[in-house]
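Asker:
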Amino acid sequence: MQLDRTQRGWAIGSLGIFSAAVAVYLFEIWISPFGARGGSAIGLFFGVVGFGFMIFAAALGARKRVPTWRLGRAKAWMKGHLWLGLLSLPLILFHGGFHFGGTLTRVLMWLLIVTVGSGVYGAALQHYIPRKMTVDAPLETIYDEIGNVRRLLAAEASRSVETLCGKFLSKNGTRDAQDGSDEMQRAGGFTALRPIAASAAPLRTSAAVSAGASAAVAPGASILLLSESESEPLRSFYVLEIQPFLERPKERGLRLSDATRAASAFTALRTLLPAAAHGTLSDLEDICDEARQLLRQERLHQWLHGWLLLHIPLSLALILLGAVHAVMALRW
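Residues 318 to 649 in this note's numbering are what the sequence shown lists, from first letter to last.
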């Protein structure tokens, strides 16, 4: 949810309610010899309205679980959740006259403060992180498809390397002897390459498409297959750097996890390979860059939604204890 001009109406309305509440609270202090009290008529009014705002804010969870309920637009519920939930804090403080009272009341007040604080923190994250994600991960994909995209990128990187070096890795990751005739047939057909990738994962990414296109050759054209001595730097770099990064991007200490160090590594590798291999090397660099973007997207997504692990349980506990407090206050 963006904190933009669409929030202006709710912001103005909330400011108006807050101003009126402050005026009423000051009036109660002026007319009451004992100051503001939770048991007075005005104090009870603040308590009922504040608790009502908390219930409305908590009802957003039920509204999300049953999207078919025609109880207003989801955006309106989100805005109400933010602003009315924020207003509940001063109203409850006015309800108790800023006195935390007994044990249950103190627990409730601190629970309310932390819950509202976590909600404000979450709103700030929802405003800031989507913009940062657009900058840091322009190739953003569907979050649940990140694993599939990673496997696709790893497969494309392997095929790109094999077009230059021949087949040198078996299925278990150990080196195989090169088989030139077999590799010429596998790497030479763009139409044969596409169905394999499509069956592995239907989702295609920009770096993967670029890498696949670099493997394509025109019918009858000769295919560049480096000699064993020429391809050794690329083979070693793939086994020691590219493959571990694409398969285990969260592992610490990987050089390709850092964009600056990765650029330096690829620049050094270009000096060891013939110019004809630089196009494929650029595709591999793009693949690694997209893998880093996927990693940044995952981390930002965790920041964006991780705060809910604190906010939701606190909100539920607050409503439950608030109901207990209300029942006890009515009975005694």
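We treat Cβ as the ideally placed atom computed from N, Cα and C, and that holds for glycine.
Just the C-alpha distance for L543 and C482, rounded to the nearest angstrom, thanks.
Answerer: Taking the sequence shown and counting its residues from 1, the one referred to as residue 543 is at position 226. Taking the sequence shown and counting its residues from 1, the one referred to as residue 482 is at position 165. Near 6 angstroms, if we compare the C-alpha coordinates of C482 and L543.
Asker: With the cut-off set at 8 angstroms, would you say S331 and W427 are in Cβ contact?
Answerer: Within the sequence shown, residue 331 is the residue found at index 14, counting from 1. Within the sequence shown, residue 427 is the residue found at index 110, counting from 1. No, the Cβ-Cβ distance between S331 and W427 is not below 8 angstroms.
Asker: Compute the distance between the beta-carbons of L408 and G360, then report whether it is under 8 angstroms.
Answerer: Stepping through the sequence shown from its first residue, residue 408 is reached at position 91. Stepping through the sequence shown from its first residue, residue 360 is reached at position 43. No, the Cβ-Cβ distance between L408 and G360 is not below 8 angstroms.
Asker: Excluding five sequence neighbours on each side, which residues of the same chain lie with their C-beta closer than 8 angstroms to the C-beta of A454?
Answerer: What you label residue 454 is simply residue 137 of the sequence shown in a count that begins at 1. Result list for A454: Q610, L611, R613, Q614, L617, in chain order.
Asker: Report the option in R325, Q324, G326, A353 whose CA atom is closest to the CA atom of A338.
Answerer: Sequence index remark: in the sequence shown, residue 338 carries index 21 (1-based). If we check each option's Cα against that of A338, A353 comes out closest.
Asker: Locate the alpha helix (DSSP H) running through S336, then write down its first and last residues.
Answerer: For this step, residue 336 is matched to residue 19 along the sequence shown. Where S336 is concerned, the enclosing alpha helix (DSSP H) stretches over 325 to 348.
Asker: Would you report the Cα separation of E558 and S405, rounded to the nearest angstrom?
Answerer: Reading the sequence shown from its first residue, position 241 is the one you call residue 558. Reading the sequence shown from its first residue, position 88 is the one you call residue 405. Roughly 54 angstroms separates the two Cα atoms.
Asker: In the DSSP assignment, the alpha helix (DSSP H) including F554 goes from what residue to what residue?
Answerer: Taking the sequence shown and counting its residues from 1, one reaches residue 554 at position 237. It spans 545 to 554 - the alpha helix (DSSP H) in which F554 sits, taken as one unbroken run.
Asker: By the DSSP assignment, the alpha helix (DSSP H) with I459 in it spans what residues?
Answerer: Counting from 1 along the sequence shown, the entry for residue 459 is found at position 142. Segment: none, I459 is in no alpha helix (DSSP H) and carries neither H nor E.
Asker: Report the residue from V433, A375, E345, H412 whose alpha carbon sits nearest the alpha carbon of P637.
Answerer: Here residue 637 refers to the residue found at position 320 when the sequence shown is read from its first residue. One point to set straight first is that residue 637 is Leu, not Pro, in the sequence displayed. Of the candidates V433, A375, E345, H412, the one whose C-alpha sits nearest the C-alpha of L637 is A375.
Asker: Express the C-alpha separation of Y342 and L631 in angstroms, rounding to a whole number.
Answerer: Along the sequence shown, one-based indexing puts residue 631 at 314. Along the sequence shown, one-based indexing puts residue 342 at 25. Rounded to the nearest angstrom, the two C-alpha atoms are 28 angstroms apart.
Asker: Going by CA-CA distance only, name the one from G419, K396, E547, H444 that's closest to H595.
Answerer: As a first step, residue 595 is located in the sequence shown; it is residue number 278 there, counting from the start. When only C-alpha atoms are compared, the closest one is E547.
Asker: What residue range is occupied by the uninterrupted alpha helix (DSSP H) comprising L589?
Answerer: The residue you call residue 589 lines up with position 272 of the sequence shown. Where L589 is concerned, there is no enclosing alpha helix (DSSP H), given that its DSSP letter is neither H nor E.
Asker: If you drop the 5 nearest sequence neighbours on each side, which residues of the same chain put their C-beta closer than 7 angstroms to that of M450?
Answerer: Walking along the sequence shown from the start, residue 450 turns up at place 133. E457, Q614, L617.
Asker: Can you tell me whether S435 is helix, strand or coil according to DSSP?
Answerer: Walking along the sequence shown from the start, residue 435 turns up at place 118. Residue state, collapsed to three classes: helix.
Asker: Is the Cβ-Cβ distance between E602 and L470 less than 8 angstroms?
Answerer: Start at 1 with the first residue of the sequence shown, and residue 602 comes out as number 285. Start at 1 with the first residue of the sequence shown, and residue 470 comes out as number 153. No, the Cβ-Cβ distance between E602 and L470 is not below 8 angstroms.
Asker: Please report the straight-line C-alpha distance between V437 and G333, rounded to a whole angstrom.
Answerer: What you label residue 437 is simply residue 120 of the sequence shown in a count that begins at 1. What you label residue 333 is simply residue 16 of the sequence shown in a count that begins at 1. If I take the Cα positions, the gap works out to 19 angstroms.
Asker: Just tell me which of W327, R565, H398, P591 has its CA closest to the CA of C605.
Answerer: Position 288 of the sequence shown, counted from the start, is the residue given in the question as residue 605. Nearest of W327, R565, H398, P591 to C605, Cα basis: R565.
Asker: Could you have a look at D606 and say whether DSSP puts it in helix, strand or coil?
Answerer: Here the question's residue 606 lines up with position 289 in the sequence shown. Residue state, collapsed to three classes: helix.
Asker: Hey, could you find the ends of the alpha helix (DSSP H) A640 is sitting in?
Answerer: Taking the sequence shown and counting its residues from 1, the one referred to as residue 640 is at position 323. Here the alpha helix (DSSP H) through A640 covers 625 to 648.
Asker: Three-state secondary structure (DSSP) at E568?
Answerer: Residue mapping note: residue 568 aligns to position 251 of the sequence shown, counting from 1. It is coil, neither helix nor strand.
Asker: Tell me whether F554 is buried or exposed, calling it buried when 16 or more other Cβ atoms sit within 10 Å of its Cβ.
Answerer: Locating residue 554 in the sequence shown gives position 237, counting from the first residue. Counting Cβ neighbours within 10 Å, F554 comes out buried, since at least 16 surround it.
Asker: With a threshold of 16 other CB atoms inside 10 Å of the CB of M371, please say whether the residue is buried or exposed.
Answerer: Here residue 371 is taken as the residue at index 54 of the sequence shown, counted from 1. Per the 10 Å Cβ criterion, buried.
Asker: Quick one: does L571 have its CB under 8 angstroms from some CB of chain D?
Answerer: The question asks about chain D, but that chain is absent: this structure has only one protein chain.
Asker: Measure the C-alpha to C-alpha separation of T480 and E473 and round it to an integer number of angstroms.
Answerer: Numbered from 1 along the sequence shown, position 163 holds the residue referred to as residue 480. Numbered from 1 along the sequence shown, position 156 holds the residue referred to as residue 473. When rounded, the distance between both Cα atoms is 11 angstroms.
Asker: Using only the alpha-carbon positions, how far apart do T432 and F562 sit?
Answerer: Start at 1 with the first residue of the sequence shown, and residue 432 comes out as number 115. Start at 1 with the first residue of the sequence shown, and residue 562 comes out as number 245. Near 39 angstroms, if we compare the C-alpha coordinates of F562 and T432.
Asker: Would you tell me roughly how many angstroms separate the C-alpha atoms of W624 and A440, rounded to the nearest one?
Answerer: Here residue 624 is taken as the residue at index 307 of the sequence shown, counted from 1. Here residue 440 is taken as the residue at index 123 of the sequence shown, counted from 1. Each residue's Cα considered, the two are about 10 angstroms apart.
Asker: Any idea what DSSP makes of L653, helix, strand or coil?
Answerer: Lying before the first or after the last residue shown, residue 653 is absent from the chain, which here runs from 318 to 649.
Asker: Please report the Cβ distance between L425 and H628, rounded to the nearest whole angstrom; I am assuming they are in contact, meaning their Cβ atoms lie under 8 angstroms.
Answerer: Position 108 of the sequence shown holds residue 425. Position 311 of the sequence shown holds residue 628. So it is not a contact: roughly 17 angstroms between Cβ atoms.
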